[in-house]
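Peer 1:
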Amino acid sequence: MVGPSATEEQAIRLKPALLPALPPLLFLAVFYFHPLLSIFGLGLFPDGTFDTDRLRGLVASDYYLRTLWFTTWQAAASTALTLALATPAAYVFSHYEFPGRRILRTLTGIPFVLPTIVVAAAFRALLGPKGLVNETLMALFTLDAPPIRLDNTIWIILLAHVFYNFTVVLRIVGGFWSKLDPSLVEAARMLGASRLRAFREVTLPLLAPALITSGLLVFIFCFCSFGVILVLGGSRFATLEVAIYRQAVHIFNLPMAAALSLVQILFTFCLMWAYTWLQRRTGHRLRQSARPVARPCACLRERLAVVSQVAVVCVLAGLPLAALVLQSLRTPHGMGADFYETLFTTSESSLFFVPPMAAIGNSVAFATAALALALILGLCAAQALDKSSGRIGALLDPLFMLPLSTSAVTLGFGFIIALDEPPLDLRSSLALVPLAHALVAFPFVVRTILPVMRSIPANLREAAAMLGASPWRVWRLVDLPILGRAVAAAAVFAFTVSLGEFGATVFVARPQTPTMPLAIYRFLGQPGVLNYGQAMAMSSLLMLVTAAGFLVLETFTPREWGEF
Amino acid sequence: MKRFLAVTAILLGLALSGCGSEPAEKAKPAAPEAQAEPTVLTVMTHDSFSVSAEVIAEFEKANNAAVKFLRTSGSGAGLNQAILAKGNPLADVFVGVDSTFFSRAVESGIFDPYASPALADIPDSLRLDPENRLTPVSFGDVCLNYDKKWFADKGLTPPATLEDLTKPEYRDLTVVENPATSSPGLAFLLATVSAFGEDGYLDYWKALAANGVKIADSWKSAYWGDFTAASDGTRPIVVSYASSPAAEVFYAEKKPAEAPTAAVLGPLTGFRQIEFAGVLSGTGKPELARKFIDFLLSRSFQEDIPLQMWVYPANVHAELPEVFQLHAKALDVPASLDPKAIAEGRERWIEAWTTTVLR
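Residue numbers (UniProt numbering), protein chains in the order written: chain D, 1 to 564; chain C, 1 to 359.
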């Protein structure tokens, strides 16, 4: 690293937060704000003047207010449910060593990448009118009609949201929890506090940043939910995102789509602003635990806790995924791997046929590139946010979160009109795929790393600096080992986000380089048993690739960083 | 630590090689006898477009061209992308404008007129644009499909008309797509507008809703999620294409003698979706783009259409593959509406439909 010149040093001292914030800000300016403002401009000011004509509906009918209300409450309910179900699991997975722990944790990450239409198929295979559960119940209790009817209800939406987001809470809360010093709770217990009281008054306040962080991420995902609502909820439910899509693509009402996008973005920005304000107030500099992170169960109570949480994970993530694999093996004449075989042997004449290996290769290459980009940008952003206080930080933090809440349709259209001139005529460039993926993955990285970065006690760094370590050395020797686990978790998120991303990819992908989700959609585009079977087989392969990706990432993580 | 740096370096390298350099785009080696570099022709189309590799190679060879495809998410989104890029087009040719979006496409002014000599082989009923800004390439009939085995097992007569669906014996049996999010869904809504008129279609939908019609967001979720013949669903009647039974035979593991599904083919029970192509205004290669339009209407491309996209070729001389001849039938009297009327009514009809059926 080259030392800064005198004037630069001055600038750094004046605004120490701004320097690491520059790369992510520049990235966002070019690939997020520029396209977004262009599409808003075109939508709302088509001829240079504000167009009110096509916006009248927004005020005239209460449809959009009701949509906003539904969007909000279903997201809140989904978040509460996910937190309630995943927090105990986060405790068990971060505190106890038990066989199959890594596999199970990997399992919870897989839903994150599955296309909604495939998840819907898995849920139907499990819970549908002719699904596994209903048929078993009907046989057991000799019922005439399937007792569980979840299709197109709010319950299946909530269930799917928990299925998708379980891993967010498990990983973020679990990672943070394992860092808490257990002696604090032990002290409280020694002083006579009951187990519950010690949890409520010691652990919970300390855990708050991680709970809020993961809860907020889940809330944003559910707030911007698109596929789950469309495919599983049927047409009676619509989130803002769904309304934007309908307006932009099927009714061609770009002003309305732009206005709705704006509402969605403003809403999330306010939410984020409130959250970052809250997080600043509750942030703690934590004493690091020196003990090994996870240990084997010592008594029956602990063993029971582990067993119950393993059961929760198996039912929530394991069963639907197993149903999916089962589906891919179910041929018209019994169980068999026929669909996999045809997937690898069919020499389709179509110009657009993609051999499965090519789709896997494309997906992994894009995901790796997106991961690297998102990680670099996210680390810079987190560094800047950690150092900055006051107004700049309060503004930057929610700003960095915005890409999460922007509709893929809006952004996709924005790319078309904003990135259309050299040197940035990227509209049909292959680079747009990892760029778009990194845009979506980057806020994850920030959110996963920032709470841990904030928890690093300042005196550790000061001591190191006092002893003569350069800033780079301080970062390498103090920050990085503590951050390691969070960085690894962030990498997993970025990788999965990219593997499963569909909305943006569909706008920018090139036919010659489709990703696995795109290949699945192609199979599902035509009737016939073979197409369906191949889609399910491809989905199972997507699961396999995701799991393999996780395991590789975990293996690459140095041991001293612990687990995540 | 070293390990971390090494990994980072590897990732960075991958990232740069992945996104930094412009990839060798369909770098087909030029034929040895070709003197000049092939001209790249970019074709923008939707995600269900498909064509045999050797058919495209034929065009490339004949014109010393390299065809590059740009596929967009759906016919509606793709057209919108093309319109937003007006003046600085992403491609030279656009293939796959759906007849339900016809007026919007024509009025947007993104297509240059071109009267292909091959239009002589296209029936008048498909030629909607007298100025030839858009050229018809294929058509498909959106209509009701039913599960033959289901009806045989229940001893129930399959529906023959749209009205049948509102009868008590067909209660809870039908799944249709939402016209606000799906193009076959919109086509089917237009079929009901055409059959019952602007004054009557809502009453029909009210009756259909009262009879337990299920609404799915897309063809994929209706067919693969609810249709009994294709999934674990509970609905033996679905809105699909007249050619879907043929696809069921073609994509069966062991080809059955008879299709497991059938299409309802009565007069005015389905809507004819025509797909058009056009030369994008502002293309730098108008000559080659026009040649591509000619090629789209040629027999080799037209005869490739059925098995690639499961719709009918527009060219009357194109021969249908056997599986189409045996298992697919087009509607004799499809419902149709004037493109102008569709443009004016679409938004209103969808809104009215939404408030009637979804509430």
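Built from N, CA and C at the ideal position, the CB exists for glycine as well.
According to DSSP, is histidine 46 of chain C part of a helix, a strand, or is it coil?
Peer 2: The sequence position of residue 46 of chain C within the second sequence is 46, counting from 1. Strand at histidine 46 of chain C.
Peer 1: Roughly how many angstroms separate the alpha carbons of isoleucine 251 of chain D and alanine 243 of chain D, rounded to a whole number?
Peer 2: Taking the first residue of the first sequence as 1, we reach residue 251 of chain D at position 251. Taking the first residue of the first sequence as 1, we reach residue 243 of chain D at position 243. Each residue's alpha carbon lies about 10 Å from the other.
Peer 1: So, are the CB atoms of aspartate 217 of chain C and valine 249 of chain D less than 8 Å apart?
Peer 2: To locate residue 217 of chain C, count along the second sequence from 1; it is residue 217. To locate residue 249 of chain D, count along the first sequence from 1; it is residue 249. Not in contact: aspartate 217 of chain C and valine 249 of chain D (Cβ atoms no closer than 8 Å).
Peer 1: Since threonine 356 of chain C meets chain D, which of its residues come closer than 7 Å, beta carbon to beta carbon?
Peer 2: To locate residue 356 of chain C, count along the second sequence from 1; it is residue 356. The contacting residues do not exist; threonine 356 of chain C stays about 12 Å from chain D at best.
Peer 1: Does DSSP put glutamine 526 of chain D in a helix, in a strand, or in coil?
Peer 2: Position 526 of the first sequence, counted from the start, is the residue given in the question as residue 526 of chain D. Three-state result, glutamine 526 of chain D: coil.
Peer 1: Is it buried or exposed, glycine 43 of chain D, if we count other Cβ atoms within 10 angstroms and call 16 or more buried?
Peer 2: The residue labelled residue 43 of chain D in the question sits at position 43 within the first sequence. Looking at its Cβ environment, which holds 16 or more other Cβ atoms inside 10 Å, glycine 43 of chain D is buried.
Peer 1: According to DSSP, what are the bridge partners of cysteine 314 of chain D?
Peer 2: Taking the first residue of the first sequence as position 1, residue 314 of chain D is located at position 314. BP columns for cysteine 314 of chain D are empty, so no partner.
Peer 1: Assign serine 363 of chain D to one of three DSSP states: helix, strand, or coil.
Peer 2: Within the first sequence, numbered from 1, the residue matching residue 363 of chain D stands at position 363. In this structure, serine 363 of chain D counts as helix in the three-state DSSP scheme.
Peer 1: With a threshold of 8 Å between beta carbons, is leucine 351 of chain D in contact with chain C?
Peer 2: The residue labelled residue 351 of chain D in the question sits at position 351 within the first sequence. Yes, its Cβ sits closer than 8 Å to a Cβ of chain C.
Peer 1: Here's the rule: buried if 16 or more other CB atoms are within 10 angstroms of the residue's CB, otherwise exposed. What is histidine 46 of chain C?
Peer 2: The sequence position of residue 46 of chain C within the second sequence is 46, counting from 1. Buried is the call here.
Peer 1: Beta carbons nearer than 9 Å to chain C: which residues of the segment 246-277 of chain D have them?
Peer 2: Going along the segment 246-277 of chain D in chain order, one finds Arg246, Ala248, Val249, His250, Ile251, Phe252, Asn253, Leu254 with a Cβ nearer than 9 Å to chain C.
Peer 1: Near threonine 228 of chain C, which residues of its chain fall below 8 Å by C-beta distance, leaving aside the five closest residues on each side in sequence?
Peer 2: Counted from its first residue, the second sequence places residue 228 of chain C at position 228. Answer for threonine 228 of chain C: Asp147, Trp150, Thr234, Arg235, Pro236, listed in chain order.
Peer 1: When the Cα atoms are used, what is the spatial distance from leucine 395 of chain D to alanine 274 of chain D?
Peer 2: Residue numbering aside, residue 395 of chain D sits at position 395 when the first sequence is read from its first letter. Residue numbering aside, residue 274 of chain D sits at position 274 when the first sequence is read from its first letter. Those two C-alpha atoms are separated by around 11 Å.
Peer 1: Evaluate serine 539 of chain D with the Cβ neighbour count: other Cβ atoms within 10 Å of its Cβ, from every protein chain shown; 16 or more gives buried, anything less gives exposed.
Peer 2: Within the first sequence, residue 539 of chain D is the residue found at index 539, counting from 1. Under this definition serine 539 of chain D is a buried residue.
Peer 1: Does DSSP classify alanine 548 of chain D as helix, strand or coil?
Peer 2: Here residue 548 of chain D refers to the residue found at position 548 when the first sequence is read from its first residue. Of the three classes helix, strand and coil, the one that applies to alanine 548 of chain D here is helix, per DSSP.
Peer 1: Counting along the chain, where does the alpha helix (DSSP H) carrying aspartate 255 of chain C start and finish?
Peer 2: Locating residue 255 of chain C in the second sequence gives position 255, counting from the first residue. Rather than aspartate, the amino acid found at residue 255 of chain C in this sequence is lysine. First-last for lysine 255 of chain C: undefined, no H or E at that position.
Peer 1: Going along the chain, which residues of its own chain have a beta-carbon closer than 7 Å to the beta-carbon of tryptophan 353 of chain C, five neighbours each way excluded?
Peer 2: For the purposes of this step, residue 353 of chain C is identified with residue 353 of the second sequence, where counting begins at 1. Closer than 7 Å at the Cβ level, and outside the excluded window around tryptophan 353 of chain C, lie Pro179, Leu189, Trp205.
Peer 1: Answer yes if the segment 211-229 of chain D comes into contact with the segment 62-69 of chain D, meaning at least three C-beta pairs across the two stretches below 8 Å, and no otherwise.
Peer 2: No: the two stretches stay apart, fewer than three of their Cβ pairs being nearer than 8 Å.
Peer 1: Glycine 500 of chain D by DSSP, collapsed to three states: which one?
Peer 2: One-based indexing of the first sequence puts residue 500 of chain D at position 500. Helix at glycine 500 of chain D.
Peer 1: Name the two residues that bound the continuous alpha helix (DSSP H) containing lysine 149 of chain C.
Peer 2: Here residue 149 of chain C is taken as the residue at index 149 of the second sequence, counted from 1. It spans 148-154 - the alpha helix (DSSP H) in which lysine 149 of chain C sits, taken as one unbroken run.
Peer 1: To the nearest angstrom, how far is the alpha carbon of valine 529 of chain D from that of arginine 522 of chain D?
Peer 2: As a first step, residue 529 of chain D must be located in the first sequence, where it is residue number 529. As a first step, residue 522 of chain D must be located in the first sequence, where it is residue number 522. Rounded to whole angstroms, valine 529 of chain D to arginine 522 of chain D spans 14 Å at the Cα level.
Peer 1: Nearest CA to the CA of leucine 324 of chain D: which residue from D:Leu114, D:Glu97, D:Phe31?
Peer 2: In the first sequence, residue 324 of chain D corresponds to position 324, counting from 1. The candidate whose alpha carbon is nearest that of leucine 324 of chain D is D:Leu114.
Peer 1: Straight-line CA distance for aspartate 124 of chain C to alanine 343 of chain C?
Peer 2: Here the question's residue 124 of chain C lines up with position 124 in the second sequence. Here the question's residue 343 of chain C lines up with position 343 in the second sequence. The alpha-carbon atoms of aspartate 124 of chain C and alanine 343 of chain C are separated by roughly 21 Å.
Peer 1: Roughly how many angstroms lie between the CA atoms of phenylalanine 324 of chain C and alanine 246 of chain C, to the nearest whole one?
Peer 2: Numbered from its first residue, the second sequence carries residue 324 of chain C at position 324. Numbered from its first residue, the second sequence carries residue 246 of chain C at position 246. So the two alpha carbons sit approximately 6 Å from each other.
Peer 1: Between leucine 37 of chain D and chain C, is the shortest Cβ-Cβ distance under 8 Å, so that the two count as touching?
Peer 2: The residue you call residue 37 of chain D lines up with position 37 of the first sequence. It does not; no Cβ of chain C falls within 8 Å.
Peer 1: Once DSSP output is grouped into helix, strand and coil, what is the label at tyrosine 223 of chain C?
Peer 2: Sequence index remark: in the second sequence, residue 223 of chain C carries index 223 (1-based). Residue state, collapsed to three classes: helix.
Peer 1: At the level of alpha carbons, what is the spacing between valine 545 of chain D and valine 364 of chain D?
Peer 2: Counted from its first residue, the first sequence places residue 545 of chain D at position 545. Counted from its first residue, the first sequence places residue 364 of chain D at position 364. Between valine 545 of chain D and valine 364 of chain D, the C-alpha separation is close to 8 Å.
Peer 1: Which value, in whole angstroms, describes the spacing of the CA atoms of serine 21 of chain C and alanine 381 of chain D?
Peer 2: On the second sequence, residue 21 of chain C is found 21 positions in, with the first residue counted as 1. On the first sequence, residue 381 of chain D is found 381 positions in, with the first residue counted as 1. Per-residue confidence for serine 21 of chain C stands at a pLDDT of 36, beneath the threshold of 50, marking its modelled position as unreliable; no derived number is given.
Peer 1: Going straight from the alpha carbon of proline 334 of chain C to that of alanine 242 of chain C, what length do you get?
Peer 2: The sequence position of residue 334 of chain C within the second sequence is 334, counting from 1. The sequence position of residue 242 of chain C within the second sequence is 242, counting from 1. Their Cα atoms are separated by approximately 11 Å.
Peer 1: Can you tell which of C:Ile350, C:Ala277, C:Leu144, C:Gly284 has the C-alpha that lies nearest to the C-alpha of alanine 314 of chain C?
Peer 2: Within the second sequence, numbered from 1, the residue matching residue 314 of chain C stands at position 314. That would be C:Ala277, whose Cα lies nearest to the Cα of alanine 314 of chain C.
Peer 1: Within 8 Å of any Cβ in chain D, is that where the Cβ of phenylalanine 94 of chain C sits?
Peer 2: For this step, residue 94 of chain C is matched to residue 94 along the second sequence. Output row for phenylalanine 94 of chain C: interface = no.
Peer 1: From the beta carbon of arginine 104 of chain C, is the nearest beta carbon of chain D less than 8 Å away?
Peer 2: Sequence index remark: in the second sequence, residue 104 of chain C carries index 104 (1-based). Answer yes: the Cβ-Cβ gap between arginine 104 of chain C and chain D drops below 8 Å somewhere.
Peer 1: Taking 8 Å as the CB-CB limit, is glycine 131 of chain D close to chain C?
Peer 2: Within the first sequence, numbered from 1, the residue matching residue 131 of chain D stands at position 131. Judged by the 8 Å Cβ criterion, glycine 131 of chain D is in contact with chain C.
Peer 1: Please report the straight-line C-alpha distance between phenylalanine 199 of chain D and valine 169 of chain D, rounded to a whole angstrom.
Peer 2: The residue labelled residue 199 of chain D in the question sits at position 199 within the first sequence. The residue labelled residue 169 of chain D in the question sits at position 169 within the first sequence. The alpha-carbon atoms of phenylalanine 199 of chain D and valine 169 of chain D are separated by roughly 18 Å.
Peer 1: If contact is defined by three or more beta carbon pairs under 8 Å, each pair taking one atom from either stretch, is the segment 93-106 of chain C in contact with the segment 263-278 of chain C?
Peer 2: Taking 8 Å as the limit for Cβ pairs, the verdict is that the segment 93-106 of chain C does touch the segment 263-278 of chain C.
Peer 1: Check the C-beta distance from proline 267 of chain C over to aspartate 332 of chain C and give it rounded, since I have them as a contact under 8 Å.
Peer 2: Sequence index remark: in the second sequence, residue 267 of chain C carries index 267 (1-based). Sequence index remark: in the second sequence, residue 332 of chain C carries index 332 (1-based). At roughly 7 Å, the Cβ-Cβ gap stays under 8 Å, so proline 267 of chain C and aspartate 332 of chain C are in contact.
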